[in-house]
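First up is the structure itself, then whatever we jot down about it.
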Amino acid sequence: MAVPDAKEKWSGRVNEMTIGATPDQGGTRGRTVTVGGASGIPFLDFDGQMPHPPAIAVDVFDRPPIHWPPPLAEAYRDVWEDPVAWAQRAKDLGADLINLRLISTHPDEQDRSPEQAVETVRAVLQAVDLPLIIWGCGVAEKDQRVMPRVAEAAQGENCLLGAATETDYRTLCAAAQAYGHKLITLAPCDINKQKQVNILASDMGFPLTDIVNYPTTASLGYGMEYIYSILERIRLAALSGDKLVAQPVLVDPGYEAWRAKEAKAGSEMAAQWGELAVRGPAWEAATACNLLQGGADILVLCHPVAIAAVREAIRLLVST
Amino acid sequence: MPLTGLEIYKHLPKTNCKDCGFPTCLAFAMKMAAGQIALEKCPHVSPEGRAALESASRPPIQLVEIGSGENQIKIGNETQLFRHEEKFHRPTAVAIRLDDTLDDATFAQRAGDIGQLVFERVGTRVRVNMVAVDNQSQDAGRLAWAVQTAAERSGLPCMVISAKAAHLDRAAEVLSGQRPLLYVSDPSEALNAAAVAKARQCPLAIRADGLEALAELTPKIQAAGVEQIVLAPGTRGLKATLDALTRIRRLALKGFRRLGYPALAFAVDGSPYLQMIQACTYVAKYAAIVILDTLDRALILPVLATRQDIYTDPQKPVAVEPKLYEVGEPGPNSPVLVTTNFSLTYYSVEGEVEASRVPAYILSVDTEGTSVLTAWASDKFNPETIAKALHNFRVEERVKHRRLVIPGLVAVLSAGIEDESGWTVQVGPKEASGIPNFLKTQWQNPLT
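Residue numbers (the working numbering), protein chains in the order written: chain Y, 1 to 320; chain C, 321 to 768.
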């Protein structure tokens with residue numbers, strides 16, 4: 001019995017984008033990472049091609065995250081004082097990209113100076129040859145002072161810089177453009193706002209093809225389905241030819257999953273919910289893998305066990 | 321796929337006799353397409369027309385009922401590929417597999433444990449739905465004992481896995497009246513198993529290697545008198561199973577009747593984490609039943625949470641119960657923060673309060689599940705509703721001070737709330753992420 005073809009007719013595809021630059025491309029990275037390019041619903045060979053597997057970025061903070069729940073703290077406590085040692089650990093764990101967060105520049109944290117942030121970025125770039133994602137602290141006024149300096153210091157490395165929002169995009173956009181970096185545009189769970197930020201960046205002359213969409217992230221069990229559906233809608237729009245949201249998409253299941261009670265509650269919940277040592281990484285891996293099905297191209301992850309499990313799942317999903 | 325008016329019209333007499341009460345056959349067809357009138361109202365439709373319309377108006381994916389009583393499982397009748405179009409209707413049934421070669425005590429113990437795989441999270445109770453008894457012993461008597469034990473110990477519906485129709489018959493006899501799902505793992509036994517399923521009035525899961533083989537088989541099973549069929553595409557591993565589940569759903573919704581049934585998937589290969597990931601993936605991607613081997617609660621909980629999330633109605637805002645929540649162990653001098661009862665808003669606030677390590681009360685006001693700005697704009701989050709919540713949840717009896725922290729986005733409400741409630745308002749941060757710093761450095765208890 002012949003079965004009809006289940007393929008949908010798509011007219012568009014997700015943009016292909018490369019992060020990082022090797023010496024012959026003007027940078028110092030050991031290799032680059034290319035994401036996107038899909039011409040169908042994720043991982044379905046009958047529906048379209050997926051030329052590049054989703055990439056895993058591993059979190060590195062520029063100050064110790066002392067409030068992390070025990071399973072995460074145990075995995076990184078020995079390196080978390082030093083972003084360089086931490087970035088090396090991330091590479092050893094199989095990261096495709098380093099996800100560097102300049103949290104210490106936050107006025108409510110150490111309020112470190114742009115010079116200190118530049119120092120951190122330089123040190124990480126020098127010690128580890130993976131492509132970099134670099135985030136400011138999220139306070140617009142401070143990021144406007146920090147990120148241009150960081151972008152300048154990393155000139156030629158083709159980093160991915162985050163994040164431009166509907167209200168604060170000019171400085172980051174200009175910095176990314178001036179020093180040859182890619183740009184993350186952030187619009188919380190709203191496809192129209194996502195388009196809006198991309199239009200604003202594009203109006204400044206920033207190429208739509210150098211953007212990564214970041215619809216923010218919600219943990220499994222705490223609104224994950226909103227992000228899942230936004231990812232699906234972004235993918236469907238891209239496949240039907242909408243250039244304004246045809247960018248690869250980044251999500252942050254590591255940070256978000258570990259905020260959930262299920263990834264934090266310890267022995268008091270073990271009888272009901274199982275051991276935290278398993279439950280925490282499982283919560284992160286499940287959040288990440290669900291979002292993969294929605295259409296995520298870059299996953300920011302934390303725990304070594306989750307990284308390994310998600311890596312294995314991706315390997316199986318893209319194998320031919 | 322519902323028929324359009326024109327498709328229905330093709331099968332009507334086209335005489336415009338008006339006996340149905342409508343001026344033309346086309347008008348009748350349009351009413352019928354809208355679901356406002358039944359075909360019975362047309363006295364002249366031909367038997368061929370009736371047959372065509374009845375089969376075409378069947379739901380694209382057959383409804384299947386497994387088990388009986390309060391734990392009965394209903395799967396199928398899905399109508400969408402993407403949940404933002406319309407909710408997914410019948411949540412995936414999660415089953416745990418038990419091998420009938422386990423020794424008696426272990427088998428009985430595990431069956432009991434499966435029945436206890438019930439979890440409380442975010443105020444909701446979720447559970448594993450089914451025991452899948454696998455006839456690895458290839459012994460009919462052993463299987464009969466095993467299914468009886470599984471049903472009694474777990475209190476859950478059973479799925480019975482065997483290569484032999486005769487063994488399925490024994491199991492169904494033991495579970496008479498309990499509607500187990502019979503799963504025949506050997507395609508060459510499928511027709512014999514169909515006879516068993518018909519005689520025992522049980523739903524039947526059929527396995528075949530690939531969708532072509534399944535599509536070949538389903539009309540024969542149906543001809544043997546079994547309507548409630550579950551498809552097992554016989555794939556191994558994440559990629560092939562995802563592929564098969566998606567193709568089945570797409571083709572069924574496009575009206576390919578031979579695959580218009582709910583599908584099941586095994587998540588039993590690889591490391592425990594990988595099994596969990598497979599199960600989550602299949603829940604998100606169209607499986608009506610997923611079968612796991614693990615009993616580890618830490619790995620099952622994410623699967624059940626995935627099911628909760630994916631099967632949430634996207635049209636309906638998700639709300640938490642409006643009440644006074646405690647984070648940490650707050651006392652009479654702890655801060656009180658007010659927010660709405662939209663679950664995402666509430667849990668964002670709760671998460672940040674928790675992260676701050678400052679014990680606090682969160683007053684969740686009934687805004688019908690809308691967020692702060694939406695509720696403010698629609699006048700559901702206003703001085704009156706906030707004062708009423710303070711009063712109704714007796715916040716005055718819990719803290720000594722009278723200072724309320726409100727979301728920064730609705731600072732404009734400050735004076736109104738103070739007038740209405742008699743409390744002093746302190747304006748909090750605009751974003752939940754500002755809460756930890758706010759509580760540590762700006763919150764002031766006026767009494768200390």
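Think of the CB as a built atom: it goes at the ideal place given N, C-alpha and C, for glycine as much as any other residue. Every value quoted in this text rests on a predicted model; they were computed, and no experiment measured them.
Item	Value
Looking at chain C, is there any beta carbon in it that lies within less than 8 Å of the beta carbon of isoleucine 25 of chain Y?	In the sequence as presented, isoleucine is not what sits at residue 25 of chain Y; that position holds glutamine. Judged by the 8 Å Cβ criterion, glutamine 25 of chain Y is not in contact with chain C.
Using a C-beta to C-beta distance shorter than 7 Å, which residues of chain Y count as neighbours of aspartate 616 of chain C?	Gly274, Val278
Note down, in chain order, every chain C residue with its Cβ under 8 Å from the Cβ of arginine 145 of chain Y.	Here the premise fails: no neighbours, minimum Cβ distance about 19 Å.
Can you list the residues of chain C that proline 4 of chain Y reaches, using a CB-CB cut of under 8 Å?	Leu571, Lys574, Phe576
Note down, in chain order, each residue of its chain lying with its Cβ closer than 6 Å to the Cβ of threonine 555 of chain C, except the 5 sequence neighbours on either side.	Thr561, Ala564
Check whether the Cβ of isoleucine 597 of chain C lies closer than 8 Å to any Cβ atom in chain Y.	yes
Whether or not the stretch 226-244 of chain Y and the stretch 36-50 of chain Y are in contact is what I'm after, with contact meaning three or more pairs of Cβ atoms, one per stretch, closer than 8 Å; do they touch?	yes
Could you name the residues of chain Y that aspartate 613 of chain C contacts, counting a contact when the two beta carbons are closer than 7 Å?	Those within 7 Å of aspartate 613 of chain C in chain Y number zero; the least Cβ separation is about 15 Å.
I need the DSSP call for aspartate 92 of chain Y, collapsed to helix, strand or coil.	helix
Of the residues Y/Val305, Y/Pro71, Y/Val249, which one's Cα is nearest the Cα of serine 229 of chain Y?	Y/Val249
Excluding five sequence neighbours on each side, which residues of the same chain lie with their C-beta closer than 8 Å to the C-beta of alanine 513 of chain C?	Ala485, Leu488, Leu502, Val504, Leu524, Ile526
Alpha carbon to alpha carbon, how far is arginine 577 of chain C from glutamate 406 of chain C?	22 Å
For proline 500 of chain C, count the other beta carbons within 10 Å of its own beta carbon; 16 or more makes it buried, fewer makes it exposed. Which is it?	buried
To the nearest angstrom, report how far apart methionine 479 of chain C and phenylalanine 439 of chain C are at their CA atoms.	22 Å
So, for valine 678 of chain C: in the same chain, excluding its five sequence neighbours on each side, which residues have a beta-carbon less than 6 Å away from its beta-carbon?	Leu759
Find out if the Cβ-Cβ distance for the pair leucine 571 of chain C, alanine 2 of chain Y is shorter than 8 Å.	no
Could you run through the stretch 404-423 of chain C and flag, in chain order, every residue whose CB is less than 8 Å away from some CB of chain Y?	His404
Would you mind telling me which residues of chain C sit closer than 7 Å to aspartate 108 of chain Y, beta carbon to beta carbon, in chain order?	Asn757
Looking at C-alpha atoms only, which residue of C/Glu536, C/Ala528, C/Ala491 is the closest neighbour of valine 516 of chain C?	C/Ala491
Give the residues of chain C in contact with alanine 286 of chain Y, contact being defined as C-beta atoms less than 8 Å apart.	Met596, Ile597, Cys600, Pro622, Val623, Ala625, Thr626
Pick out the complete alpha helix (DSSP H) segments inside the stretch 336-395 of chain C, 4 residues or longer, and give them in chain order.	345-353, 367-376
Compile a chain-ordered list of the residues in the stretch 297-308 of chain Y whose CB is closer than 9 Å to at least one CB of chain C.	Val305, Ala306, Ala308
In terms of alpha-carbon separation, which member of C/Ser482, C/Arg569, C/Leu537 lies closest to leucine 408 of chain C?	Looking at the sequence itself, residue 408 of chain C is phenylalanine, so the reference to leucine does not match. Among C/Ser482, C/Arg569, C/Leu537, the Cα nearest to that of phenylalanine 408 of chain C is on C/Arg569.
Would the beta-carbon of tyrosine 681 of chain C be found less than 7 Å away from any heavy atom of the ligand MN?	Within the structure as shown, the ligand MN is missing, as the structure has no ligands at all.
Would you list, in chain order, the members of the stretch 202-230 of chain Y that have their beta-carbon closer than 8 Å to a beta-carbon of chain C?	Ala218, Leu220, Gly221, Tyr222, Gly223, Met224, Glu225, Tyr226, Tyr228, Ser229
Answer yes or no: does any C-beta atom of chain C fall closer than 8 Å to that of leucine 44 of chain Y?	yes
Just to confirm, is the Cβ distance from glycine 221 of chain Y to proline 70 of chain Y under 8 Å?	no
With DSSP as the reference, label glycine 36 of chain Y as helix, strand or coil.	strand
To which residues of the same chain is tryptophan 273 of chain Y closer than 8 Å at the C-beta, ignoring the five residues directly before and after it?	Glu262, Ala265, Arg279
Taking the alpha carbon of arginine 506 of chain C as the reference point, which residue from C/Thr469, C/Gly754, C/Ala528 has its own alpha carbon closest?	In the sequence under discussion, the amino acid at residue 506 of chain C is aspartate, which differs from the arginine named in the question. With distances taken between Cα atoms, aspartate 506 of chain C lies closest to C/Ala528.
From which residue to which residue does the alpha helix (DSSP H) around aspartate 739 of chain C run?	734-741
If you follow the beta strand (DSSP E) that asparagine 198 of chain Y is in, where does it begin and where does it stop?	That residue, asparagine 198 of chain Y, is in no beta strand (DSSP E); its alpha helix (DSSP H) goes 191-203.
Taking Cβ-Cβ distances below 8 Å as the criterion, which residues of the stretch 424-452 of chain C are in contact with chain D?	Included in the structure are the protein chains Y and C, with no chain D among them.
Which residue or residues does DSSP assign as beta-bridge partners of glutamate 440 of chain C?	C/Arg445
Give me, in chain order, the residues of the same chain whose beta-carbon lies closer than 6 Å to that of proline 411 of chain C; leave out the 5 immediate sequence neighbours on both sides.	Arg627, Tyr631
Expressed to the nearest angstrom, what Euclidean distance is found between the alpha-carbon atoms of phenylalanine 662 of chain C and arginine 447 of chain C?	24 Å
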